[in-house]
Amino acid sequence: MKWADLLKIEQRQLDYDGMRVFHDWIRDSIAKNKPLDQFAREIIAARGSTLNDPPANWWRANRDPETRADSTARVFLGTQLKCAQCHNHPFERWTQDDYYNWARLFARIDYQLSGIKGTDKSDKNEFKGDQTILIKPKAYFLNARTNQPAEPRFLGVAEPPKISDDHDELLALADWLPHSPMFARMQVNRVWFNLLGRGLVDPVDDFRESNPPAHPELLEALAQDFVKHGYDLHWLIRTITVSRVYQLSDVPNATNADDQDNNSHSIVRRLSAEQLLDSCSAVLATPLPLEKENVRPGITRVAQMAEGRKHYKPLTTSIDKFEASFGKPPRLIASDCERSNETAMPQVFQLISGPLLHQLITRPDNRLGQLLAAEKDDTKIVDQLFWTIITRAPTEAESSRCTGLLSSGSDKDRRKAAEDIAWALLNSKEFIFRQ
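Each residue of the sequence shown is one higher than the one before, starting from 1 at the first, in the UniProt record's numbering.
In structure tokens, the structure reads:
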């Protein structure tokens, strides 16, 4: 799902079939623990049919040399180049010449359209139907500073890449990019960010001289070991999660309460949109109404869905509205920072009075109905709800209050009381935040 965010898997850009095959390719690559250098190489080198060669959809989602240059540098090298398009920054490494020479690497990419229905076939930004990614024989791409043709160059490399008739710029880039030190550092920083809530470099995809790592020696050591272990994502995740720093408490002390940079304590984070919605479905043991979301059979969680947020049409379904409120990105920018995990007032209304959570809680055959039918002991019902939803036993005061609600009134009142208890627990900080 995180790579789908970065690689802009979104229906309007790729159409449904392109989005689906690219998503499936990513999922299969991660499931097989494909080394991340190979994963990146297959994306950069991709061409041909976007349906038969799924990673070619990366070029379909990035339609011009500048966008390809910006997105590729940001996702794979952690480098933001946009400013260098207009000027040399006095305190940064990349110049305008670096920018245009880098963008020149992507200038020969072109598109052959097929299966376009009822539209202008000369419009290469049309997104319906298969498209074939191909390499043009020549490209004319100007350096805006000199008004002369740009020369293809890798970032930070003075010598031109070795290009021939059977080894074009993209193949040369696919050979170089995954083995650049920038690539390993970026992937290590991204995994650290996803596991601990803040990258060693923050923002996670903004490596620059004026934004140094919080722990440069740690970042370099992890990057070098990541390379030695064959760009193994499983190794990297295991190494970080067994560390002392990952296992620190989120409870600060007097010396580190204000610290956000040095990993002195765990950072409390809100669950992502997909995590929160799937967790509500799981703890209530009731399926989400995915039949309105045009998903394939076998998909039971929103985290399994291929598409990003539907920014291009009104949000009509309750799932769309919930995910938009909780920061699911539209996937228009190739950046980890497009997703928002901030708290906001619309989220309150989704949790307090939103139709989706109400539907899950009141469904007759959900976990509440099963508990009430199978268990007559109110104390055990309360214990089960607390352990299931917030993974702890209730305090004496909580147990007394909740059992009092359950024991008063008819079976109908008992059901309403169970719904109120579940609703309160689902709205608690213990459920909504990762500790």
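The beta carbon of each residue, even a glycine, is placed where N, CA and C say it ideally should be.
*Which value, in whole angstroms, describes the spacing of the CA atoms of Ala273 and Ala303?*
Whole-angstrom Cα-Cα distance: 9 Å.
*From which residue to which residue does the alpha helix (DSSP H) around Asp5 run?*
According to the DSSP assignment, Asp5 belongs to the alpha helix (DSSP H) that extends over 2 to 6.
*asked:* Among the candidates Ala56, Asp278, Thr316, whose CA atom is the shortest distance from the CA of Ile299?
replied: Measuring from the Cα of Ile299, the nearest candidate turns out to be Asp278.
*Taking Cβ to Cβ, would you say Asn211 is nearer than 8 Å to Val201?*
It is a contact, given that the beta carbons lie within the stated cut-off.
*asked:* To test your reading of the DSSP string, which unbroken alpha helix (DSSP H) runs of 4 or more residues are found completely within the segment 202 to 259?
replied: Listed in chain order, the complete alpha helix (DSSP H) runs (minimum 4 residues) inside the segment 202 to 259 are 216 to 228, 233 to 241.
*Roughly how many angstroms lie between the CA atoms of Ala418 and Leu290, to the nearest whole one?*
Using only the alpha carbons, I get a separation of about 25 Å.
*Please look up how many angstroms separate the CB atoms of Leu385 and Leu425, rounded, as I've assumed it's under 8 Å.*
Right, their Cβ atoms sit about 6 Å apart.
*Delimiting residues of the alpha helix (DSSP H) encompassing Gln370*: It spans 367 to 374 - the alpha helix (DSSP H) in which Gln370 sits, taken as one unbroken run.
*From Leu105, Asp383, Pro252, pick the residue whose C-alpha is nearest to that of Asp168; which is it?*
Here the closest residue by C-alpha is Leu105.
*Identify the continuous beta strand (DSSP E) that holds Gln131 and give its terminal residues.*
Gln131 -> beta strand (DSSP E) spans 131 to 135.
*Does Tyr231 have its Cβ less than 8 Å from a Cβ in chain D?*
The structure shown has no chain D; it contains just one protein chain.
_Lys416 - DSSP class collapsed to helix/strand/coil_ = In this structure, Lys416 counts as helix in the three-state DSSP scheme.
*Assign Tyr16 to one of three DSSP states: helix, strand, or coil.*
DSSP places Tyr16 in helix when its eight states are reduced to three.
*Tell me, which residues are paired with Ser49 by DSSP?*
Its beta-bridge partners are Thr132.
*Beta-carbon proximity list for Glu323, same chain, < 8 Å, skipping 5 on both sides*: The residues are Ala273, Glu274, Leu277, Val302, Arg309.
*asked:* Taking the beta carbon of Lys429 as the centre, do at least 16 other beta carbons fall within 10 Å, making it buried, or is it exposed?
replied: Lys429 is exposed by the Cβ-count criterion.
*At least 3 beta-carbon pairs within less than 8 Å: the segment 372 to 385 vs the segment 395 to 410*: A contact exists between the segment 372 to 385 and the segment 395 to 410.
*Ile133 to His23 span [Cα, whole Å]*: Just so you know, the alpha carbons of Ile133 and His23 end up roughly 18 Å apart.
*Could you check if Leu288 is buried or exposed, using at least 16 other CB atoms within 10 Å of its CB as the buried criterion?*
By the C-beta density criterion, Leu288 is buried, having at least 16 other C-beta atoms within 10 angstroms.
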